[in-house]
Amino acid sequence: MTVDVNRLLEELGVSSEGMSGVCASGFREASGAELETLNPSTGEVLGRVRTAARADYDAVVDHARERFAAWRMRPAPRRGEVVRRLGELLRQHKEALGALVSLEMGKILSEGLGEVQEMIDICDFAVGLSRQLHGLTMASERPRHRMMEQWHPLGTVGVITAFNFPVAVWAWNVAIAAICGDACVWKPSPVTPLCSVAVQRLVEQAFAEHEADGVLCLAVGGAEAGEWMADDVRLPLVSFTGSIPVGRQVATRIGSRLGRSLLELGGNNAVVVLDDADLELAVRAITFGAVGTAGQRCTSTRRVFAQRGISGQLTERLIAAYETVRIGDPLEEGTLMGPLSTREAVLRYEAALRSAGEEGGEVLWGGKALDRPGFFVEPALVWAPRQHEFSIAWKETFAPILYLFDVGDLDEAIAAQNAVTQGLSSAIFTDSMRAAEQFLSAMGSDCGIANVNIGTSGAEIGGAFGGEKETGGGREAGSDAWKAYMRRQTCTINWGSELPLAQGVRFL
Ligand code: NAD
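Here the sequence shown stands for residues 1 to 508, where the numbers follow full-length UniProt numbering.
Written as structure tokens, this is what we have:
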């Protein structure tokens, strides 16, 4: 399907002619190198965006910090009104932005639209939260004293995002950080700069209408700009979403300046299927988890541990489901799997399947790059020997490759699932209440997300999202994840006329 990128950009308020000069932030033209963005479905150039040079980046951060001084003093529910306006604009432009996400990133249209819906949902959540940034009151041990904690805005937050959720991950961070009273500077993935420019235009409109322009800024760039952020003492918090190797470097740099980092890194997510599982549910969930977004979600299903009684049947049904997956133009009705994001991603997919073969894995379905323009591959189902002898399954390959393992029982499945170094998402399919509860218990899954009878992929924004171990420990979106974007202050107030010291200490 031919979708005109210029028409989409115009609908989103971005003039394609000015594109090369506007992308440090609304108030300043960028002067760095030009970045080419490709259409992953054709391999052709989709657009060009000028990146922020070091001087642009510095000016953007200074500008955001200056705006923070006023923004932090605006009452939180009034800040919520600005985020509500952003949510309205996103509703208004959902179709165009969703299509742009599909065009530039390659996910199918319903997922592109779903990503924008997630932005709208988090704006709604943030608006409600803007009246609930509450602290506790504690009992003081001293007479006529009161103790309480309160939460203050943290400052200017750096947000570095990955290509695979080019707009939603920004929104998870920024909608919440904004109602918390922070200013933000966003460095998007260089693979999806058009999406970030389009979002920034909507931000600028919403915030200018409320005399708050410049609170949320953009600095388009690659790895170097990410390093500027990691090292930047003007940013008390850097939220980083991306791969484990890059996250490790970023965390080390931020740690060395004793800054705060919020890390949302790679996953290696598993589904356990027990003999008593509803296979209809399991097959649909695993297929969506492994094939959806062409296996390019941090929560994509990469490993299945199937109990021996049903593993044969499960494999047959998965093969039948894979046969029905239509691969092609992500914007075309009926397509279930679009392309990978880059040519390099195709090479990594091929290399992983070569390693799998060398280690005794057997490809049961798919496994080949498609001979057509763009970066298309077939989803691959791989029967795998024991996990500890199969090193490729210990890594996250960001592609639609699913490894199938047999296990004897639940204990073996949990041990194998938890053996890897990542800890993002996990799921069990069973009709046994005991098995499900064990999976969710302290001796069960060690992941940040543990599901029963739904797959690993497709979290809702109401819960805190994130993972353990090498996934980085960060939590974003719902629940009390907002606390990461604020500073906690403990206050003790003496309303008496004496000065008793804590712990009964006597002095003077
Ligand atoms: P990536 O690590 O290559 O890049 C992520 C971001 O880091 C990009 O903006 C990139 O420009 C920037 N970057 C690169 N080098 C940098 C450096 N040295 N210093 C600072 N920043 C640098 O990841 P990707 O390929 O864009 O995304 C895929 C990865 O992201 C996968 O591993 C996936 O699991 C992970 N991811 C995790 C979550 C989560 O919530 N846990 C969500 C989405 C994606």
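Note that the Cβ used here is the ideal one computed from N, Cα and C, for glycine as well.
Closer than 6 Å: residue i CB and nearest ligand 1 heavy atom
i: VAL246; result: yes
i: GLY242; result: yes
i: VAL157; result: no
i: PHE165; result: yes
i: GLY98; result: no
i: PHE398; result: yes
i: residue 577; result: As shown, the chain starts at 1 and ends at 508. That puts residue 577 outside it, with no answer to give.
i: CYS298; result: yes
i: VAL233; result: no
i: SER189; result: yes
i: ALA162; result: yes
i: residue 511; result: Here the chain has residues from 1 to 508 only, and residue 511 is not among them.
i: VAL250; result: yes
i: GLU227; result: yes
Rounded separation between residue i and residue j - CA only
i: PRO339; j: ARG326; result: 11 Å
i: ILE454; j: PRO77; result: 36 Å
i: VAL169; j: LEU364; result: 34 Å
i: PRO143; j: GLU149; result: 18 Å
i: THR324; j: HIS388; result: 32 Å
i: ASP4; j: ALA99; result: 10 Å
i: ALA282; j: VAL273; result: 7 Å
i: GLU358; j: THR397; result: 16 Å
i: PRO153; j: ALA69; result: 10 Å
i: PRO193; j: LEU35; result: 8 Å
i: LEU216; j: VAL49; result: 19 Å
i: GLU443; j: GLY367; result: Going by the sequence as given, residue 443 is Met instead of Glu. Cα to Cα, the separation comes out at about 35 Å.
i: ALA230; j: ALA177; result: 18 Å
i: ALA208; j: LEU202; result: 10 Å
i: TYR322; j: THR137; result: 55 Å
i: ARG488; j: GLY135; result: 9 Å
i: SER15; j: ALA96; result: 14 Å
i: PRO330; j: ALA225; result: 30 Å
i: ARG297; j: ALA162; result: 10 Å
i: ARG253; j: GLN307; result: 43 Å
i: LEU263; j: ASN418; result: 20 Å
i: GLU280; j: VAL101; result: 31 Å
i: ALA55; j: GLY32; result: 9 Å
i: GLU204; j: LEU90; result: 12 Å
i: VAL346; j: ALA369; result: 7 Å
i: GLN422; j: CYS447; result: 8 Å
i: ALA285; j: LEU133; result: 36 Å
Residue i, buried or exposed, once every other Cβ within 10 Å from all chains shown has been counted against 16
i: THR241; result: buried
i: TRP507; result: According to the sequence shown, residue 507 is Phe rather than Trp. It is exposed - the Cβ of PHE507 has fewer than 16 other Cβ atoms within 10 Å.
i: ARG372; result: exposed
i: ALA427; result: buried
i: MET337; result: buried
i: GLY360; result: exposed
i: CYS180; result: buried
i: SER189; result: buried
i: SER256; result: exposed
i: PHE27; result: exposed
i: GLY462; result: exposed
i: CYS491; result: exposed
i: THR287; result: buried
i: SER441; result: exposed
i: SER425; result: buried
i: GLN313; result: exposed
Best match in the options for proximity to residue i [C-alpha to C-alpha]
i: GLY295; options: GLY222, TYR57, ASP213 and GLY267; result: GLY267
i: ARG85; options: VAL61, VAL127 and GLU118; result: VAL127
i: GLY478; options: VAL174, GLU358, GLU468 and PRO40; result: VAL174
i: GLY112; options: PHE68, VAL167 and VAL61; result: VAL167
i: GLY155; options: ARG131, MET138 and VAL185; result: VAL185
i: GLU332; options: ASP371, GLY43 and LEU103; result: LEU103
i: GLY87; options: CYS491, GLY114, VAL283 and CYS123; result: CYS123
i: ARG260; options: GLY474, VAL304, TYR349 and GLU95; result: GLY474
i: ILE493; options: ILE179, MET138 and HIS145; result: HIS145
i: PHE375; options: GLY289, LEU263, TYR349 and PRO385; result: TYR349
i: GLN503; options: GLU81, GLU141, THR51 and LEU109; result: GLU141
i: ALA53; options: ALA251, SER25 and THR42; result: SER25
i: GLY289; options: GLY222, ALA380, LEU235 and ILE414; result: ALA380
i: LEU109; options: TRP394, ALA320, ASP406 and GLY292; result: GLY292
Distance cut-off 6 Å: residue i Cβ against heavy atoms of ligand 2
i: ASP62; result: Absence of ligand 2 is noted for the structure shown, with ligand 1 being the only ligands found.
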